[in-house]
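Heads up, the thing below is written out as structure tokens.
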Amino acid sequence: MKVVKKVKVKNSLGLHTRPAASIIKILQPHKSSVCFTYKDATINARSIMSILMLAAKRNAQIVVTVDGDDAEITMQKLIAGFESAFGERE
Amino acid sequence: MYLVQHLYEQHGKFLGLDLLAGKKGLNRRIRKAEVNRPGLSLAGYLKGLISKRIVVVGKQEIEYLKELDPKMRKERLKIILTPTTPAVIAARGLRPLKEMVELCEKSHIPLFRANTSATALQSRITFLLLEEFSPSLTLHGTLVEVFGVGVLIQGESSVGKSEAALGLLERGHRLISDDVVRVKKKEGAYLVGSGPELTRHLMEIRGIGIINVAHLYGAVSVRHDKAIDLVVKLEEWDDQHFYDRVGLEEKFIDILDVSVPYHILPVKPGRDVSLLLETIALNHRLKGMGYNSAKEFNAKWLEAISRKRRVIS
Chain A
4 MKVVKKVKVK
14 NSLGLHTRPA
24 ASIIKILQPH
34 KSSVCFTYKD
44 ATINARSIMS
54 ILMLAAKRNA
64 QIVVTVDGDD
74 AEITMQKLIA
84 GFESAFGERE
Chain B
339 MYLVQHLYEQ
349 HGKFLGLDLL
359 AGKKGLNRRI
369 RKAEVNRPGL
379 SLAGYLKGLI
389 SKRIVVVGKQ
399 EIEYLKELDP
409 KMRKERLKII
419 LTPTTPAVIA
429 ARGLRPLKEM
439 VELCEKSHIP
449 LFRANTSATA
459 LQSRITFLLL
469 EEFSPSLTLH
479 GTLVEVFGVG
489 VLIQGESSVG
499 KSEAALGLLE
509 RGHRLISDDV
519 VRVKKKEGAY
529 LVGSGPELTR
539 HLMEIRGIGI
549 INVAHLYGAV
559 SVRHDKAIDL
569 VVKLEEWDDQ
579 HFYDRVGLEE
589 KFIDILDVSV
599 PYHILPVKPG
609 RDVSLLLETI
619 ALNHRLKGMG
629 YNSAKEFNAK
639 WLEAISRKRR
649 VIS
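Chains as they are written, first to last, in the numbering used here: chain A, 4 to 93; chain B, 339 to 651.
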């Protein structure tokens, strides 16, 4: 199953190292393949370096593509993470 | 989308460009990696005129325009300065005609002066634009240079790509990029990979964190870019899968329509992946020198059994 959604970066410093590590942590128990598309690059969201390479600023729109058996739940958790700025204070 | 502004900002110095008029048109889009010397069009022959090219005027064009009467001059200039012309460049530091400056300013076409000859400009701009317009792709993988061979290591997350690369670095090989590789097709025939500026020469190793390879192992351990000669996919060992045991058949993978030799390398505890990657790279070099171990052995074997008498070993 494939789910595609747009999310907004809420962290004031953008997707820096700490939120990138949080994303990896969220994805770890899930099997689905997860891709982020920002500007002209599509990357594997399970790689910290790839997420950092995007250099996504605050309010950047990222297209998240989740493909696999547990796509729905993975997407839900990811969106919750983005919504809460990965636990960082605004 | 590639704009005149990008060309000016990135390569203006190299090309010796000097903006004279039409600043408002810097956001014009360049759609063709081609340059137009408008000789024939200025003489009035318009069949097959490609207006999307950057126009380069040299000494001859300027001299010719000077000889025309003012009304004609304006008319002919209007023909080459179309709404889709990205920019106009006067070569050899020539001063463009007054009408040219006026027309460019009015219709917002950037007009530059360059200090090199028209021929040099033509080839340089074509080269730069071809480079810019060449198809590219971002891949998940690690690119290393092993014995001069560009090896792209692919595979699922946590299969051990970065660890294998680290092992190779320790043996004196070089890292181009870890995790994210920008691949560009050059001259329509081969692939060149490089790392994104921001994360260049950085690696993430589980349990250690982010390390800077250039600092840890020195400048000798890194490279900016490298042609991709072969792709190795690391895979968790699967007992159901039959792995290549002889190497007689060669597999290929298509990246941007370029066919690259492809190996699947199963990983399991006890297999020294770095050593195996070194062996694959060396074998690739050997094949390039015209020696294929598997085929050579096969030929030898066939010869041995076709001999009448028994081979006494």
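No residue lacks a Cβ here, since even glycine has one placed at the ideal position from N, Cα and C. If you're wondering where the values come from, they're calculated on a predicted model, not measured in any experiment.
- Identify whether residue 35 of chain A lies in helix, strand or coil by the three-state DSSP scheme. Here residue 35 of chain A corresponds to residue number 32 of the first sequence, with the count starting at 1. It is coil, neither helix nor strand.
- Check whether the Cβ of residue 506 of chain B lies closer than 8 Å to any Cβ atom in chain A. Locating residue 506 of chain B in the second sequence gives position 168, where the first residue counts as 1. For residue 506 of chain B, the answer is no, since every Cβ of chain A falls outside 8 Å of its Cβ.
- Message: DSSP three-state label for residue 599 of chain B, please.
- Response: Here residue 599 of chain B refers to the residue found at position 261 of the second sequence. DSSP places residue 599 of chain B in strand when its eight states are reduced to three.
- Message: Check whether chain B comes within 8 Å of residue 76 of chain A, counting only Cβ atoms and requiring the distance to be less than that.
- Response: Counted from its first residue, the first sequence places residue 76 of chain A at position 73. Not one chain B Cβ lies under 8 Å of residue 76 of chain A.
- Message: Which same chain residues end up closer than 7 Å to residue 29 of chain A when comparing Cβ atoms and leaving out the 5 residues on each side of it in sequence?
- Response: The residue labelled residue 29 of chain A in the question sits at position 26 within the first sequence. Once the five neighbours on either side are set aside, the close Cβ partners of residue 29 of chain A are 80, 81, 84.
- Paired residues, beta bridge with residue 574 of chain B - DSSP: Here residue 574 of chain B refers to the residue found at position 236 when the second sequence is read from its first residue. DSSP lists B:605 as partners of residue 574 of chain B.
- CB residue 294 of chain B to CB residue 442 of chain B, shorter than 8 Å? In the structure as shown, chain B starts at 339 and stops at 651, and residue 294 of chain B therefore has no counterpart that could be examined.
- Flag residue 53 of chain A as yes if its beta-carbon sits less than 8 Å from any beta-carbon of chain D, otherwise no. The structure shown has no chain D; the protein chains it does contain are A and B.
- Neighbour list for residue 35 of chain A in chain B, Cβ cutoff strictly below 8 Å: Your numbering for residue 35 of chain A matches position 32 in the first sequence. Per Cβ cutoff of 8 Å: no residues; residue 35 of chain A is ~12 Å from chain B at best.
- Message: Going by DSSP in three states, residue 416 of chain B sits in which element: helix, strand or coil?
- Response: As a working note, residue 416 of chain B is residue 78 in the second sequence. Residue 416 of chain B falls in the helix class under three-state DSSP.
- For residue 56 of chain A, does the count of other Cβ atoms within 10 angstroms reach 16, so buried, or fall short, so exposed? Here residue 56 of chain A is taken as the residue at index 53 of the first sequence, counted from 1. The residue is buried, with at least 16 neighbouring Cβ atoms inside 10 Å.
- Output yes if chain A places a C-beta closer than 8 Å to the C-beta of residue 473 of chain B; else output no. One-based indexing of the second sequence puts residue 473 of chain B at position 135. So, not an interface residue.
- Message: With distance defined between alpha-carbon atoms, name the residue in B:377, B:619, B:610 nearest to residue 401 of chain B.
- Response: Residue 401 of chain B sits at position 63 when you count from the first residue of the second sequence. Measuring from the Cα of residue 401 of chain B, the nearest candidate turns out to be B:377.
- Query: Does residue 49 of chain A get closer than 8 Å to chain B when you measure Cβ to Cβ?
  - Reply: Position 46 of the first sequence, counted from the first residue, corresponds to residue 49 of chain A. Closer than 8 Å to some Cβ of chain B, the Cβ of residue 49 of chain A qualifies, so yes.
- Ignoring anything shorter than 3 residues or poking outside the stretch 431–483 of chain B, list the beta strand (DSSP E) runs there in chain order. Counting only runs of 3 or more residues that sit fully inside the stretch 431–483 of chain B, the beta strand (DSSP E) segments are 449–452, 474–478, in chain order.
- Message: According to DSSP, simplified to helix, strand and coil, what is residue 367 of chain B?
- Response: Taking the second sequence and counting its residues from 1, the one referred to as residue 367 of chain B is at position 29. Of the three classes helix, strand and coil, the one that applies to residue 367 of chain B here is strand, per DSSP.
- Can you find a CB in chain B that lies within less than 8 Å of the CB of residue 4 of chain A? Residue mapping note: residue 4 of chain A aligns to position 1 of the first sequence, counting from 1. Residue 4 of chain A does not count as touching chain B.
- Of the residues that make up the stretch 21–46 of chain A, which ones have a beta carbon closer than 7 Å to any beta carbon in chain B? Using a CB distance below 7 Å, the part of the stretch 21–46 of chain A facing chain B consists of 44, 45, 46, ordered along the chain.
- Query: In chain A, which residues lie with their C-beta within 8 Å of the C-beta of residue 495 of chain B?
  - Reply: Here residue 495 of chain B refers to the residue found at position 157 when the second sequence is read from its first residue. The answer, in chain order, is 47, 49, 50.
- Message: Between B:585, B:405, B:354, which has its C-alpha nearest residue 462 of chain B's C-alpha?
- Response: Stepping through the second sequence from its first residue, residue 462 of chain B is reached at position 124. Of the listed residues, the one whose Cα sits closest to residue 462 of chain B is B:354.
- Query: What does a CB cutoff of less than 6 Å around residue 522 of chain B pick up in its chain, not counting 5 residues either side in sequence?
  - Reply: In the second sequence, the residue the question calls residue 522 of chain B occupies position 184. Excluding sequence neighbours, residue 522 of chain B sits near 472, 474, 530.
- Query: Given a limit of 8 Å on CB to CB distance, which residues of the stretch 527–550 of chain B reach chain A?
  - Reply: 534, 536, 537, 540, 541, 542, 548
- Where the beta strand (DSSP E) through residue 547 of chain B begins and ends: As a working mapping, residue 547 of chain B is identified with position 209 in the second sequence. Run containing residue 547 of chain B: 547–550, per the beta strand (DSSP E) assignment.
- Query: For residue 86 of chain A, which beta-bridge partners are listed by DSSP?
  - Reply: Stepping through the first sequence from its first residue, residue 86 of chain A is reached at position 83. Per DSSP, none; premise fails for residue 86 of chain A.
- Who are the neighbours of residue 516 of chain B on chain A, taking C-beta pairs under 7 Å? Position 178 of the second sequence, counting from 1, holds the residue named residue 516 of chain B. Simply 52.
- Item | Chain-ordered neighbours of residue 58 of chain A on chain B, where CB pairs are closer than 7 Å | As a first step, residue 58 of chain A is located in the first sequence; it is residue number 55 there, counting from the start. Under the 7 Å cutoff, chain B gives 536.
- Query: Going along the chain, which unbroken runs of the alpha helix (DSSP H) with 4 or more residues stay wholly within the stretch 493–554 of chain B?
  - Reply: 499–508
- Message: Just checking: is the beta-carbon of residue 478 of chain B within a distance shorter than 8 Å of some beta-carbon in chain A?
- Response: As a position in the second sequence, residue 478 of chain B is number 140, starting the count at 1. For residue 478 of chain B, the answer is yes, since a Cβ of chain A falls inside 8 Å of its Cβ.
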